[in-house]
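Asker:
2 protein chains.
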Amino acid sequence: MNDDELLPAERKVLERLGHLPLDFRAMAVVSNLFRASSAVRRKMEAEVLATDRLSWTSFVVLWVLWVWGEMESRDLAAAVGISRPTSTGVVTTLEGRGLVRRGKSAEDGRMVRVSLTAPGRRKIEALFPKFNAEEAEVTAHLSPAEQEVLASLLRSMLRSVQPGD
Amino acid sequence: MNDDELLPAERKVLERLGHLPLDFRAMAVVSNLFRASSAVRRKMEAEVLATDRLSWTSFVVLWVLWVWGEMESRDLAAAVGISRPTSTGVVTTLEGRGLVRRGKSAEDGRMVRVSLTAPGRRKIEALFPKFNAEEAEVTAHLSPAEQEVLASLLRSMLRSVQPGD
DNA sequence: CTCATACGGTTCGGTACCGAACGACCCGGG
DNA sequence: CCCGGGTCGTTCGGTACCGAACCGTATGAG
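Residue numbers (the numbering used here), protein chains in the order written: chain A, 1 to 165; chain B, 1001 to 1165.
Pasting the structure below:
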């Protein structure tokens, strides 16, 4: 491993904790996973979503409903990657802005079905190309082959953490 | 690219949006980055941090202070990857639990210096090995070489998103 | 039919999170 | 000496986030 590649924070960790019996490779994966993820999230929120006053999670909810169509609330939560209570809150917020609609299921009285309204659909259809352009920008320093390797390694890690899905 | 590798959600996206002129490679990188990151975070919080009633961010604050020693509050926020207002809140929480201490700087009256208390140091020293063992577990499905590639690609992406640091 | 159990969504309490705005403090120019 | 602009940490308002607890609805056992 070439130390010159390391971030300053990583070098400091090795200096301070290098003598301990730890898995520094795993540590580098997890800490860079979070650094990258939160940096990208903040950039997206600031440069794409802020003008529409949408949070990252609200955006993902609109996107999931766009891709999957009307869904039961529990499936929406699972697809977005949030808990059911959080889903309740986010859907309530989006419902208040008229972007999303709640409806009771006919077959099962416990279920709530969530779907995009017409303004919600227009919003995500207008917003997603901008969002994707920003995705392209944050990955632009990687070659197409590197992007595929990265996506594939992340997928593999995800599958081992969430065996169910 | 082998479609068999894709997650169900990714396949659905291609089916619905495949006809649009979008960068699907970048989309796969960003969405899997977030799926992996939030899955790992939830697992860590549930299996390592919940017993100590620590959030992920509180844990990272303790860890950064452990590695770097006493810091000024603005540097702490930057190192943890949160805003200054958030840092104020988290430090207040940790201060209330006696794990962290605030002190005024002698040279500059605006600055606040934050450091671990003795119980805080004991806490992070006891907790970090467990945390690292869990890090090793979530990355265990990747070979050492794959782990280094993954860490390196994430590092490269991070540097392009945050040119400053 | 009855009722125990399980499974929906929601509520509650506590924490995290950010941008904007604010007051305290620093420093350089008049 | 003072005052204007920059930099701190903090406060404020709004949203997100989770686990535990709750309540209404479904379903299977008897």
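A virtual CB, placed ideally from N, CA and C, is assigned to each residue, including glycine.
On a predicted model such as this, the values are computed, not experimentally measured, just so you know.
In terms of residue numbering, what span does the beta strand (DSSP E) encompassing B:Ser-1115 cover?
Answerer: Unbroken beta strand (DSSP E) run through B:Ser-1115: 1112-1116.
Asker: Any idea if B:Arg-1025 is buried or exposed, counting beta-carbon neighbours within 10 angstroms, 16 or more meaning buried?
Answerer: Burial call: buried.
Asker: Give me the subset of the segment 23-38 of chain A whose CB atoms are less than 7 Å from a CB atom of chain B, sorted by chain position.
Answerer: Under the 7 Å Cβ criterion, the segment 23-38 of chain A contributes Asp-23, Arg-25, Ala-26, Met-27, Ala-28, Val-29, Val-30, Asn-32, Leu-33, Phe-34, Arg-35, Ala-36, Ser-37, Ser-38.
Asker: Bridge partners of A:Arg-101, per DSSP?
Answerer: According to DSSP, A:Arg-101 bridges with A:Ser-115.
Asker: According to DSSP, simplified to helix, strand and coil, what is B:Glu-1125?
Answerer: Correct three-state label for B:Glu-1125: helix.
Asker: In angstroms with no decimal places, state the Cα-to-Cα distance between B:Leu-1007 and B:Leu-1054.
Answerer: Taking the straight line joining both Cα atoms gives about 32 Å.
Asker: Quick one: what does DSSP say A:Ala-15 is sitting in, helix, strand or coil?
Answerer: This sequence places Glu at residue 15 of chain A; Ala is not what is there. It is helical.
Asker: Which whole-angstrom value describes the C-beta separation of A:Val-67 and B:Thr-1139, a residue pair presumed to lie in contact below a C-beta threshold of 8 Å?
Answerer: Rounded, the Cβ-Cβ distance is 29 Å, inconsistent with contact.
Asker: Quick one: what's A:Met-71 bridged to in DSSP?
Answerer: Paired residues: A:Val-114.
Asker: Name the residue from B:Ala-1009, B:Ser-1031, B:Asp-1023 whose alpha carbon lies nearest to the alpha carbon of A:Leu-154.
Answerer: The shortest C-alpha separation from A:Leu-154 is found at B:Ser-1031.
Asker: Would you mind telling me which residues of chain B sit closer than 8 Å to A:Ser-160, beta carbon to beta carbon, in chain order?
Answerer: Per Cβ cutoff of 8 Å: Val-1138, Ala-1140, His-1141.
Asker: Per DSSP, what kind of secondary structure is B:Leu-1054 in: helix, strand or coil?
Answerer: In this structure, B:Leu-1054 counts as coil in the three-state DSSP scheme.
Asker: For B:Lys-1012, which residues in chain A fall below 8 Å Cβ to Cβ?
Answerer: Under the 8 Å cutoff, chain A gives Val-67, Trp-68.
Asker: Identify the continuous alpha helix (DSSP H) that holds A:Leu-33 and give its terminal residues.
Answerer: A:Leu-33 -> alpha helix (DSSP H) spans 24-44.
Asker: Going by alpha carbons, who is nearest to B:Arg-1122 out of B:Met-1111, B:Ala-1079, B:Phe-1059, B:Ala-1046?
Answerer: When each option's Cα is compared against that of B:Arg-1122, the closest is B:Phe-1059.
Asker: Give, in chain order, every residue of the segment 1041-1052 of chain B whose Cβ lies closer than 9 Å to some Cβ of chain A.
Answerer: Listed by position along the chain: Arg-1041, Arg-1042, Lys-1043, Met-1044.
Asker: With DSSP collapsed to three states, give me the class of B:Pro-1021.
Answerer: Coil at B:Pro-1021, not helix or strand.
Asker: Along the chain, where does the alpha helix (DSSP H) that runs through A:Glu-95 open and close?
Answerer: Taken as a continuous stretch (DSSP letters only), the alpha helix (DSSP H) holding A:Glu-95 covers 84-96.
Asker: Rounding to the nearest angstrom, what Cα-Cα distance links B:Ser-1166 and A:Glu-15 in this structure?
Answerer: Nothing about residue 1166 of chain B can be reported from this structure: the residues present for chain B run from 1001 to 1165 only.
Asker: With 16 other CB atoms within 10 Å as the buried threshold, where does B:Glu-1125 fall?
Answerer: When all chains shown are included, B:Glu-1125 counts as exposed.
Asker: At 8 Å on the CB atoms, spell out the chain A contacts of B:Leu-1081, in chain order.
Answerer: According to the sequence shown, residue 1081 of chain B is Gly rather than Leu. Phe-34, Arg-35, Ser-38, Ala-39, listed in chain order.
Asker: According to the neighbour-count rule (16 or more other Cβ atoms, all chains shown, within 10 Å of its Cβ), is B:Leu-1020 buried or exposed?
Answerer: The residue in question, B:Leu-1020, is exposed, as its Cβ has fewer than 16 Cβ neighbours within 10 Å.
Asker: Around the Cβ of B:Ala-1118, are there at least 16 other Cβ atoms within 10 angstroms (buried) or fewer (exposed)?
Answerer: With fewer than 16 Cβ atoms within 10 Å of its Cβ, B:Ala-1118 is classed as exposed.
Asker: From the beta carbon of B:Ser-1152, is the nearest beta carbon of chain A less than 8 Å away?
Answerer: Cβ-Cβ to chain A under 8 Å: yes for B:Ser-1152.
Asker: Alpha carbon to alpha carbon, how far is A:Ser-105 from B:Val-1080?
Answerer: Distance between the alpha carbons of A:Ser-105 and B:Val-1080 is about 44 Å.
Asker: Go ahead and pull the three-state DSSP assignment for A:Glu-47.
Answerer: The answer is helix: DSSP assigns A:Glu-47 an H, G or I state.
Asker: What residues of chain B sit near A:Ala-78, judged by a beta carbon separation below 9 Å?
Answerer: Near A:Ala-78 there are no residues of chain B at all, since even the closest Cβ is about 10 Å away, more than 9 Å.
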